[in-house]
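Residue numbers (the UniProt record's numbering), protein chains in the order written: chain U, 1 to 171; chain C, 1 to 171. Every residue, glycine too, gets a C-beta built ideally from N, C-alpha and C. These numbers come from a predicted model, not from an experiment. To start, the structure under review is shown below, and the notes come after it.
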DNA sequence: CCTGCACCTACGAAATCCGTGACGATTGGA
DNA sequence: TCCAATCGTCACGGATTTCGTAGGTGCAGG
């Protein structure tokens, strides 16, 4: 009964400029569904439906589509320390030539959890997750710095992780 | 029927050096459960049980404990671009005095998704997620640089995110 | 020896998931 | 204007899963 999120479709015939990358057909209802699943990835479809004003089946189909499209994924995230990875670092990389092959090589390393091309004094930034100091040293000194195109690196070893959320859209 | 992960308890009376930070050991079976949920956070308990060699109820109780202890959480993660956040940056911060209050202030900002204290030429590193350039500029120039204790900052605007996984333990 | 504790299994009831068919609204073209 | 195609939603029943609870076992401490 409780309306609230009515008129979601008719309210927005064309979307507010779809000039973005390529796939932003995300209406307010889907956003609300994502917020629900960011609070609890296992929340039942019926409960989500009640919260966003949709039937269970509708929620289920939307969630399935969001997953298929790769817009979101539902996963377990863990505290690296508790699973045995005691050394982490952010590594800034200065490179020369085409950055793509370098980035691809970094992406292929399982220890690199996060690879991003940046503007600024670094060309690439990589988050490295390792078991101990020896492991970290090996990854940075033997593997990353050995890549062709890598000119130099600068490491920032993590002392304390203060915040880590996954709440885009939940603002 | 298929054994495989038998004798999980008796096999390891003390663990291979539990000199870790302080959290509990986390045995091989829980690790395997986490791996299953990292592939699909909604996988049914029975399916997980079959994969790791436990009953449905046992898996359910272990998962519940892992969630309660904060060892892991099951959440939806999204591609920031698709949800309308088009500018991201890593910000390195030079600070003076006690770092904790600075880190706490950063943590309180919803735009800061990731806050970590580091060793190296930066004292703190922060990942900022914003809607557009104006938003990013405001957060960095007006909010972060205005914090007491912040001496200077350096920004690395994201050009292309190449990799982002949540696969600790799945190596 | 026995008590307490942590962990696992077993099992029935309730809730959830999933496939399917139908209905209403919107779109594009004759 | 009208018609057909498409998309999103709802309704519903059966299979599956979840959930609470009761009972059994191995281990450490008294």
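Residue 137(U) at chain C interface by Cβ criterion, 9 angstroms: Output row for residue 137(U): interface = no.
Segments of 4+ residues assigned as alpha helix (DSSP H) that fall wholly inside the segment 63-137 of chain U: Listed in chain order, the complete alpha helix (DSSP H) runs (minimum 4 residues) inside the segment 63-137 of chain U are 99-108 and 133-137.
Beta strand (DSSP E) segment containing residue 166(U), residue limits: Per DSSP, residue 166(U) belongs to no beta strand (DSSP E) and is neither H nor E.
As assigned by DSSP and simplified to three states, the class of residue 21(C): Residue confidence for residue 21(C) is low, a pLDDT of 42 falling below 50, so the modelled location carries little weight; the figure read from the coordinates is stated next. Looking at residue 21(C) - three-state DSSP - the assignment turns out to be coil, as it is neither helix nor strand.
Within chain C, the residues that residue 154(U) reaches when beta carbons sit closer than 9 angstroms: By Cβ distance, chain C contributes 120 and 121.
Cβ-Cβ distance between residue 126(U) and residue 91(U) below 9 angstroms: Result yes, Cβ atoms of residue 126(U) and residue 91(U) sit closer than 9 angstroms.
Below-9 angstroms beta-carbon distance, residue 164(U) vs any chain C residue: Yes, because at least one Cβ of chain C sits closer than 9 angstroms to the Cβ of residue 164(U).
The segment 104-119 of chain U / the segment 75-82 of chain C touching (three or more Cβ pairs under 8 angstroms): Result no; under three Cβ-Cβ pairs closer than 8 angstroms.
Beta carbon of residue 42(C) nearer than 9 angstroms to that of residue 70(U): Not a contact, by the Cβ cut-off of 9 angstroms.
Cβ neighbours of residue 166(C) in the same chain (closer than 8 angstroms, five flanking residues each side left out): Excluding sequence neighbours, residue 166(C) sits near 38 and 77.
DSSP three-state assignment for residue 155(C), whether helix, strand or coil: Three-state DSSP puts residue 155(C) in a strand.
Residue-level contact to chain C via CB, residue 144(U), 9 angstroms cutoff: Output row for residue 144(U): interface = no.
Coil, strand or helix - residue 37(U) by DSSP: Note: residue 37(U) maps to helix in three-state DSSP.
Amino acids of chain U, ordered along the chain, whose beta-carbon sits closer than 7 angstroms to that of residue 113(C): At a beta-carbon threshold of 7 angstroms, the residues of chain U lying near residue 113(C) are 165, ordered along the chain.
C-beta neighbour in chain C for residue 54(U), strict 9 angstroms: The beta carbon of residue 54(U) does not come within 9 angstroms of any beta carbon belonging to chain C, so the residue lies off that interface.
Listed by chain order, chain U residues near residue 50(C) by CB distance under 9 angstroms: Within chain U, no residue comes near residue 50(C); the closest Cβ sits about 18 angstroms away, beyond 9 angstroms.
Unbroken alpha helix (DSSP H) run spanning residue 49(U), endpoints: 45-52 is the span of the alpha helix (DSSP H), which, as asked, contains residue 49(U).
Beta-carbon neighbours of residue 93(U), restricted to chain C and to distances below 7 angstroms: Chain C residues near residue 93(U): none, gap ~11 angstroms exceeds 7 angstroms.
Partners in chain C for residue 42(U), counting only beta-carbon separations shorter than 8 angstroms: Neighbours of residue 42(U) on chain C, chain order: 41, 42 and 74.
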